[in-house]
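Those letters in the sequence shown? Residues 0 to 101, per numbering that gives the first Met the number 0, in order.
Positions of the beta carbon are idealized from the N, C-alpha and C atoms, including for glycine.
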Amino acid sequence: MTSSELYGGIRIVYKLYENRRAEELKMLAKYIASNDKCIAILGNKRGETGDLVVSRSCDVDIVVNGFFKEVLRVFDGKGGGNAYICQGGGSSDRLELAMTRR
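See the structure below:
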(Lines of atoms letter the chains of each structure in order from A; the text may use other names.)
(Lines give C-alpha, C1' and ligand atoms only; values in the text may rest on other atoms or scores of the structure.)
Protein backbone atom coordinates (compact mmCIF):
# COMPACT_ATOMS: atom_id res chain seq x y z
CA MET A 0 0.00 0.00 0.00
CA THR A 1 1.38 3.35 -1.05
CA SER A 2 -0.72 6.45 -1.38
CA SER A 3 -0.67 10.17 -0.96
CA GLU A 4 -3.52 12.62 -0.58
CA LEU A 5 -3.95 16.32 -0.07
CA TYR A 6 -6.13 17.24 2.91
CA GLY A 7 -6.60 20.88 3.86
CA GLY A 8 -3.40 21.86 2.10
CA ILE A 9 -1.38 19.15 3.85
CA ARG A 10 0.17 16.25 1.94
CA ILE A 11 -0.43 12.95 3.77
CA VAL A 12 1.82 10.09 2.66
CA TYR A 13 0.93 6.49 3.52
CA LYS A 14 3.34 3.62 2.93
CA LEU A 15 3.22 0.03 4.15
CA TYR A 16 6.46 -1.97 4.20
CA GLU A 17 7.38 -5.52 5.11
CA ASN A 18 10.33 -6.63 7.22
CA ARG A 19 11.96 -3.22 7.74
CA ARG A 20 13.84 -2.29 10.90
CA ALA A 21 11.99 0.10 13.22
CA GLU A 22 14.84 2.64 13.11
CA GLU A 23 14.73 2.62 9.30
CA LEU A 24 11.00 3.32 9.37
CA LYS A 25 11.53 6.23 11.76
CA MET A 26 14.30 7.66 9.57
CA LEU A 27 12.09 7.43 6.45
CA ALA A 28 9.19 9.14 8.25
CA LYS A 29 11.44 12.00 9.34
CA TYR A 30 12.77 12.36 5.80
CA ILE A 31 9.27 12.53 4.28
CA ALA A 32 8.13 14.99 6.95
CA SER A 33 11.10 17.25 6.18
CA ASN A 34 9.03 18.50 3.22
CA ASP A 35 6.73 21.47 3.75
CA LYS A 36 3.16 20.78 4.91
CA CYS A 37 3.56 17.02 5.08
CA ILE A 38 2.55 14.12 7.33
CA ALA A 39 4.12 10.67 6.97
CA ILE A 40 2.22 7.58 8.11
CA LEU A 41 4.45 4.55 7.69
CA GLY A 42 3.67 0.98 8.65
CA ASN A 43 5.73 -2.18 8.69
CA LYS A 44 4.62 -5.80 8.92
CA ARG A 45 7.01 -8.31 10.52
CA GLY A 46 5.13 -11.56 10.84
CA GLU A 47 2.44 -11.10 13.48
CA THR A 48 3.90 -7.78 14.61
CA GLY A 49 3.18 -4.40 13.06
CA ASP A 50 5.10 -1.16 13.53
CA LEU A 51 3.67 2.30 12.96
CA VAL A 52 5.45 5.66 12.72
CA VAL A 53 3.68 9.00 12.25
CA SER A 54 5.70 12.16 11.68
CA ARG A 55 4.83 15.72 10.64
CA SER A 56 6.66 18.71 9.26
CA CYS A 57 7.25 21.72 11.49
CA ASP A 58 4.70 23.83 9.60
CA VAL A 59 1.78 21.45 10.24
CA ASP A 60 -0.24 22.49 13.29
CA ILE A 61 -1.22 19.03 14.50
CA VAL A 62 0.00 17.44 17.72
CA VAL A 63 0.86 13.91 16.59
CA ASN A 64 0.85 12.28 20.01
CA GLY A 65 -2.61 13.76 20.60
CA PHE A 66 -4.25 11.28 18.23
CA PHE A 67 -1.59 8.55 18.15
CA LYS A 68 -2.81 6.88 21.34
CA GLU A 69 -6.24 6.42 19.76
CA VAL A 70 -4.65 4.94 16.63
CA LEU A 71 -2.66 2.49 18.78
CA ARG A 72 -5.90 1.12 20.21
CA VAL A 73 -7.03 0.12 16.71
CA PHE A 74 -4.22 -2.40 16.33
CA ASP A 75 -3.71 -3.30 19.99
CA GLY A 76 -0.48 -1.31 20.06
CA LYS A 77 1.81 0.34 22.54
CA GLY A 78 4.08 3.29 21.92
CA GLY A 79 4.41 7.02 22.19
CA GLY A 80 6.33 10.05 21.10
CA ASN A 81 6.02 13.80 20.99
CA ALA A 82 4.20 16.50 19.05
CA TYR A 83 6.29 15.83 15.91
CA ILE A 84 6.84 12.06 15.75
CA CYS A 85 5.38 8.95 17.36
CA GLN A 86 6.08 5.26 16.97
CA GLY A 87 4.51 2.09 18.25
CA GLY A 88 4.01 -1.59 17.71
CA GLY A 89 1.05 -3.92 17.72
CA SER A 90 -0.80 -6.54 15.72
CA SER A 91 0.09 -6.69 12.00
CA ASP A 92 -3.37 -7.88 10.93
CA ARG A 93 -4.95 -4.55 11.95
CA LEU A 94 -2.08 -2.29 10.92
CA GLU A 95 -3.59 -1.09 7.63
CA LEU A 96 -6.82 -0.18 9.41
CA ALA A 97 -4.84 1.83 11.97
CA MET A 98 -2.88 3.61 9.21
CA THR A 99 -6.00 4.82 7.43
CA ARG A 100 -8.12 5.67 10.49
CA ARG A 101 -9.36 9.26 10.46
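| query | result |
| --- | --- |
| Using the rule of at least 16 other Cβ atoms within 10 Å of the residue's Cβ for burial, across every protein chain shown, is L51 buried or exposed? | buried |
| State the Cα-Cα distance for the pair G88 and L41, rounded to the nearest angstrom. | 12 angstroms |
| Would R20 be called buried (16 or more neighbouring beta carbons within 10 Å of its own) or exposed? | exposed |
| Compute the distance between the beta-carbons of F67 and S90, then report whether it is under 7 angstroms. | no |
| For K77 and Q86, what's the separation of their Cα atoms in angstroms? | 9 angstroms |
| Taking 7 angstroms as the cut-off, decide whether the C-beta atoms of N64 and N81 are in contact. | yes |
| What number of angstroms, rounded off, separates the C-alpha of L94 from the C-alpha of G8? | 26 angstroms |
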